[in-house]
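Read through the structure below, which is laid out as structure tokens, and then see the notes.
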Amino acid sequence: SSGINAEYGVLVGDLNMNLLHYESSLNCQNLIDTFSAAGLLQCVSRPTRITDHSTTLIDHVYFNQPENLISCNIATIDLSDHLATVTQVQLTQCNSVAHYPWRHIGHNNFPDNELSHRKFNTANDLKFQELVREIKWTPITEDMDTNTAYYNLLSPYTDAYNLAYPQSTSHTRRLHERKNPKPWILPWLEDACSRKNNMYHNLQLNPSPKHL
4 SSGINAEYGV LVGDLNMNLL HYESSLNCQN LIDTFSAAGL LQCVSRPTRI
54 TDHSTTLIDH VYFNQPENLI SCNIATIDLS DHLATVTQVQ LTQCNSVAHY
104 PWRHIGHNNF PDNELSHRKF NTANDLKFQE LVREIKWTPI TEDMDTNTAY
154 YNLLSPYTDA YNLAYPQSTS HTRRLHERKN PKPWILPWLE DACSRKNNMY
204 HNLQLNPSPK HL
């Protein structure tokens, strides 16, 4: 298989393959070899599910830039029968606006000719860290169902992220889009108007039967 072409490629999930048995399991060896051939390194090295009678490493994290891997740890919070994996990687420093269509959690409300972006810089990183430190995590460890616990974990973290890295939009103009476009002037009509204006301009510069 070919390598991952994306700058950062991450694959995570419960693969139900116990990598603690890597030395004796041909299936585990084949799995690691397959991902390695695609340029993905398995990062988790500790058990992710512990019961009274078993210890397994079945929740995997694969990353295609191991030189940028800072840490991969296990969070011992009983949100489910699996422990959570927490992976930290070093992304390329971006002090300018990052222009890419950001898929916000749940939906994307921006038109096709608008790009959403966030500013990632040191100041915003520090603000995000401060907001995360202020989160009260106690309700997450209280006795509750899994869905409620997950929401209580995700909601304050997402709020902190959106406050530290607010989302903005930038409009990309079409080739012949007017300064004040009207909804009834469709793109094809803008193109037709532009061709007509160019023909009239050529006629004024060089009046001849060719431009009539």
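The numbering used here numbers the first residue of the sequence shown as 4 and each following residue consecutively. All residues carry an ideal CB built from backbone N, CA and C; glycine is no exception.
Check: Measuring CA to CA, which of Lys139, Leu94 and Tyr168 is closest to proline 159?; Outcome: Lys139
Check: Could you check the C-alpha separation between arginine 106 and leucine 60 for me, to the nearest Å?; Outcome: At arginine 106, the pLDDT of 34 sits below 50, so the modelled position is not reliable; the number obtained from the coordinates is stated separately. Between arginine 106 and leucine 60, the C-alpha separation is close to 31 Å.
Check: Taking the beta strand (DSSP E) that isoleucine 73 falls in, what are its first and last residues?; Outcome: 72 to 78
Check: Here's the rule I'm using: 16 or more other beta-carbon atoms within 10 Å means buried, otherwise exposed. How should isoleucine 73 be labelled?; Outcome: exposed
Check: Could you tell me the boundaries of the alpha helix (DSSP H) in which leucine 14 lies?; Outcome: Where leucine 14 is concerned, there is no enclosing alpha helix (DSSP H), although the beta strand (DSSP E) it sits in stretches over 13 to 17.
Check: Let me know the secondary structure DSSP gives threonine 151 once reduced to three states.; Outcome: helix
Check: Where does tyrosine 103 fall in DSSP's three states?; Outcome: For tyrosine 103, the predicted structure reports a pLDDT of 35, less than 50, and the residue's modelled location is therefore unreliable. A value from the coordinates is still provided. Coil.
Check: In angstroms, rounded to a whole number, what distance separates the CA positions of cysteine 196 and leucine 178?; Outcome: 12 Å
Check: Is there contact here, the region 164 to 174 with the region 117 to 136, by at least three beta-carbon pairs under 8 Å?; Outcome: yes
Check: Compare the beta carbon distance of arginine 52 and isoleucine 77 with 7 Å and say whether it is the shorter of the two.; Outcome: no
Check: Measure how close the beta-carbons of glutamine 91 and tyrosine 65 come, nearest whole angstrom, since I'm counting them as under 8 Å.; Outcome: No, glutamine 91 and tyrosine 65 are not in contact; Cβ-Cβ is about 15 Å, not under 8 Å.
Check: On the DSSP bridge list, what partners appear for phenylalanine 131?; Outcome: Answer is none; phenylalanine 131 lacks a bridge partner.
Check: Any idea what DSSP makes of alanine 87, helix, strand or coil?; Outcome: strand
Check: Would the beta-carbon of aspartate 17 fall within 7 Å of that of aspartate 81?; Outcome: no
Check: Output yes or no for whether 7 Å exceeds the beta carbon distance between glutamine 93 and asparagine 71.; Outcome: yes
Check: Taking phenylalanine 38 as part of the alpha helix (DSSP H), name the residues at either end of that continuous run.; Outcome: 29 to 40
Check: Does the distance from the C-beta atom of tyrosine 168 to that of arginine 121 stay below 7 Å?; Outcome: yes
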